[in-house]
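Notes for the one structure printed next.
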Amino acid sequence: MLQIRDLNVNYGAITALHGVSIDVPKGSIVTLIGANGAGKSTTLRAISGIARTGGGSIRFDGEDITRLPPHRIVERGLCHVPEGRMIFANLTVRENLLLGAYRRNDKAAFPAELDYIFGIFPRLKERLGQSAGTLSGGEQQMLAIGRALMSKPRCLMLDEPSLGIAPLLVKTIFEKIVEVNRNLGITILLVEQNANLALEISHTGYVLETGRIILADTCANLREDPKVKECYLGG
Amino acid sequence: MIQFLQQLLNGLSLGAIYALIALGYTMVYGVLKFINFAHGDVYMIGAFAGMYITPYVWKILPQGADSSRFSWSTAGGAFAVLALSMAVCAVLGVVIERLVYRPLRERPRLTVLITAIGVSIFLEYFGQYLFGANPKLFPEILPDRVIEGLGDDLILSVNQVVVFAVTLLLLAVLCFIVLKTRIGTAMRALSYNPVAASLMGINNDVVIAFTFGLGSALAAAAAVLNAINYPAYSIDPFMGILPGIKAFVAAVLGGIGSLPGAVVGGLILGVLETMVVGYGSPMYRDAIAFAVLIAILLFKPNGLLGRAEKEKV
Ligand SMILES: Nc1ncnc2c1ncn2[C@@H]1O[C@H](COP(=O)(O)OP(=O)(O)OP(=O)(O)O)[C@@H](O)[C@H]1O
Ligand SMILES: [Mg+2]
């Protein structure tokens, strides 16, 4: 569904990605793990069009989306939940959710989808009229995911959904990720620091090290890999 | 007391004009985080647009050019002049953004700021070339009349009331657009975080162009309302500079980026200016704005209603 070939990204003189290739098959959960500064966020930013690519190609559903502006990419059903969540703190929870559906015209379908989102994140329903800036970190993450679901994505890219969230809630959020993957058939590309959890719920995994993919395998194999064990799973 | 009330009324109607211009500064600041120093000159173009449009409007009015007495026809004519001038400036604002500011979108803020000053100078001298350097008289598009029976010395004219009413109407429409519509929500989202906005599928270029159009239309409205407010209003290509600066001060006073702030700042500045002229000396008419600017920058740089994290459009 998503094919990344030889992707390069430069920030000025710094090369953040050196020929990264990733395949995300339809219906799967693929995870990208790596240390701080490895280039995980940069990869997602390049895919969603908010970082300029310096070479390589990105295909989504067979179409080349390498040089499309971000709004055209969302339109095609590829949605990016960025690192740090980036909710609009000046807007209400409801407005945030509806912004997720900005490019859609089928307003009639919104109530049912909102209900689905409230089903997985009941907290959001209670906070609908509240300014999103007043939400806790965990609630903001739920909002960011809910908002992305409102775009009716076929593929969802999540950048560190566990960041700064209590372990118990992280577990819930990961369960919900698996749920939307299974029930809605949404393909998922997951970036995580928490490699343990990520490898547990994903099908395949890629290990990124200073801008290069050094390992790619099924998650079951990666979990047994000595290097992965040592560097990412804490021994 | 009567004199105070009188000054207050005059100050508020002047302030309404400043508020309308200040909104343009603050909206553009909201989405692009820079001060569009050419905004005062858009106001000037709005005035000339109104002046040139008026004869055409009068031609198609049932009563022709007879605007000396009030009739529904003249009122409709004045409204048409207002609406058409707003349309002209909306287009101008969009064109300026497209041709000048968009290519500089990724450049340092200072570059854009200096370019804005360049646009301002261009509009002034191109205006001089187009319209001539001599001041022109803005036609009286709405006959003025004093409202009787308010008391011995209190003078309130019909047109002052019109200025208030139209300003309120425009503010209501603006509120509706910003708070209730899809594009308005996009404006608020974009002003908070443009990257996140684009990830929502918002086309930032469209929203920014729309914001310029909206702000510029309000500047044109300010120009035409000013002409309605002051009979024998004379206009020239450099007329935008001072109101432009004052409205900028008003926007900073209210808190740049805050829409209610622009309105409050405009009204306060208008009243202050009128009071200074009324009780002090007309010599200080223009100095007060600068005094306010210095004071606000010293004591409350975020402005009266501006907060680091408040809604900024
Ligand atoms: N805007 C930028 N300008 C310059 N360098 C940048 C920029 N953004 C990222 N980088 C650099 O690119 C490299 C990859 O950054 P990236 O954010 O993709 O890492 P990451 O794997 O997501 O790390 P983390 O786990 O800390 O989020 C880093 O060395 C970083 O310093
Ligand atoms: Mg990152």
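So the protein sequences, as listed, match chains P and G.
Here this note's numbering is used: the first sequence runs in plain steps of one and ends on residue 235.
Here this note's numbering is used: the second sequence runs in plain steps of one and ends on residue 548.
Built from N, CA and C at the ideal position, the CB exists for glycine as well.
The alpha helix (DSSP H) enclosing residue i, as first and last residue numbers
i, result
"P/Asp115", "110-120"
"G/Leu403", "393-415"
"P/Tyr206", "Where P/Tyr206 is concerned, there is no enclosing alpha helix (DSSP H), although the beta strand (DSSP E) it sits in stretches over 204-209."
"G/Asp471", "Neither: G/Asp471 is in no alpha helix (DSSP H) and is coded neither H nor E."
"P/Gly100", "93-100"
"G/Phe447", "439-464"
"G/Leu365", "344-366"
"P/Lys152", "No alpha helix (DSSP H) holds P/Lys152; DSSP gives it neither H nor E."
"P/Thr172", "167-183"
"P/Asn196", "195-201"
"P/Tyr232", "Here P/Tyr232 belongs to no alpha helix (DSSP H), and DSSP marks it neither H nor E."
"P/Arg72", "70-75"
"G/Val335", "Premise fails: G/Val335 is in no alpha helix (DSSP H) and is neither H nor E."
"G/Asp276", "274-295"
"G/Gly479", "476-489"
"G/Leu539", "It is not in any alpha helix (DSSP H) - G/Leu539 carries neither H nor E in the DSSP assignment."
"P/Ser41", "40-47"
"G/Thr509", "494-514"
"G/Met262", "237-267"
"G/Leu434", "429-434"
Nonlocal neighbours in the same chain, by C-beta distance under 7 Å from residue i, ignoring five residues either side
i, result
"G/Leu488", "Gly500, Ile503, Leu504, Val527, Ile531, Gly538, Leu539"
"G/Glu544", "Note that G/Glu544 has pLDDT 46, beneath the 50 cutoff, so the model's placement of it is unreliable and no number is given."
"G/Phe445", "Ile418"
"G/Thr559", "This structure does not reach residue 559 of chain G, given that chain G is present from 236 up to 548, and the question cannot be answered."
"G/Asn461", "Ile252, Tyr468"
"P/Val178", "Ile201"
Chain-order list of residues whose beta-carbon lies under 6 Å from that of residue i (same chain, five-residue window excluded)
i, result
"P/Val180", "Ile186"
"P/Leu78", "Phe60, Cys155"
"G/Met321", "Ala452, Ala455, Ala456"
"G/Lys547", "Its pLDDT being 38, under 50, G/Lys547 is placed unreliably in this model, and the value from its coordinates should be taken loosely. Gly265, Ser426, Gly492, listed in sequence order."
"G/Lys535", "none"
"P/Ile87", "Asn96, Ala132, Gln140, Leu143, Ala144"
"P/Arg45", "Ala51"
"G/Leu255", "Leu453, Ala456, Ala457"
"P/Leu215", "Val207"
"G/Met474", "Met279"
Residues bridged to residue i [DSSP beta-bridge criterion]
i, result
"P/Phe60", "P/Leu2, P/Glu63"
"P/Met157", "P/His80, P/Leu189"
"P/Ala242", "Residue 242 of chain P lies beyond the range of chain P shown here (1 to 235); nothing can be said about it."
"G/Leu372", "G/Ser469"
"P/Tyr11", "P/Ile14"
"G/Val381", "G/Ser392"
"P/Ser131", "P/Thr92"
Bounding residues of the beta strand (DSSP E) (the contiguous stretch that carries residue i)
i, result
"P/Ala16", "14-24"
"P/Gly34", "29-34"
Nearest-angstrom Cβ-Cβ length linking residue i and residue j, presumed shorter than 8 Å
i, j, result
"P/Leu222", "P/Leu199", "6 Å"
"P/Thr42", "P/Leu32", "Incorrect: roughly 11 Å between the Cβ atoms, too far for contact."
"P/His71", "G/Asn438", "5 Å"
"P/Asn8", "P/Gly19", "6 Å"
"G/Tyr253", "G/Ala482", "5 Å"
"P/Val30", "P/Leu190", "7 Å"
"P/Arg76", "P/Ile65", "7 Å"
"G/Gly246", "G/Thr509", "3 Å"
"G/Phe366", "G/Phe283", "6 Å"
"P/Gly55", "P/Asp106", "So it is not a contact: roughly 37 Å between Cβ atoms."
"P/Leu99", "P/Arg67", "Wrong, their Cβ atoms sit about 25 Å apart, outside the cutoff."
"G/Ser248", "G/Asn464", "6 Å"
"P/Asn90", "G/Arg423", "6 Å"
Close beta carbons around residue i, own chain, < 8 Å, minus the five adjacent residues each side
i, result
"G/Ser469", "Pro370, Lys371, Leu372, Phe373"
"G/Ile382", "Leu391, Ser392, Val393, Val396"
Checklist line | chain P contacts from the stretch 408-437 of chain G (Cβ-Cβ distance under 9 Å) | finding: If the cut-off is 9 Å between Cβ atoms, the stretch 408-437 of chain G has Arg417, Thr420, Ala421, Arg423, Ala424, Ser426, Tyr427, Asn428, Val430, Ala431, Ala432, Ser433, Leu434, Met435, Gly436, Ile437 near chain P.
Notebook entry, point to check: Relative to chain A, which residues along the stretch 1-30 of chain P have a C-beta separation below 9 Å, given in chain order?
Noted result: Given the protein chain composition of this structure (P and G), no chain A is represented.
Notebook entry, point to check: Between the stretch 77-95 of chain P and chain G, which residues of the former have a C-beta closer than 7 Å to a C-beta of the latter?
Noted result: Hits within the stretch, in order: His80, Pro82, Met86, Phe88, Ala89, Asn90, Leu91, Glu95.
Check: Of the residues that make up the stretch 146-171 of chain P, which ones have a beta carbon closer than 8 Å to any beta carbon in chain G?
Finding: The stretch 146-171 of chain P vs chain G, Cβ under 8 Å: Arg147, Ser151.
Next item on the list: Compile a chain-ordered list of the residues in the stretch 62-76 of chain P whose CB is closer than 8 Å to at least one CB of chain G.
Entry: Within the stretch 62-76 of chain P, Pro69, Pro70, His71, Val74, Glu75 place their CB atoms closer than 8 Å to a CB of chain G, listed in sequence order.
Item checked: Contacting positions in the stretch 37-52 of chain P - beta carbon closer than 7 Å to chain G -> Correct list: Ser48, Ile50.
Next item on the list: Quick one: which residues of the stretch 109-142 of chain P get their C-beta closer than 8 Å to a C-beta of chain G? List them in chain order.
Entry: Against chain G - using a Cβ distance shorter than 8 Å - the residues of the stretch 109-142 of chain P are Gly133.
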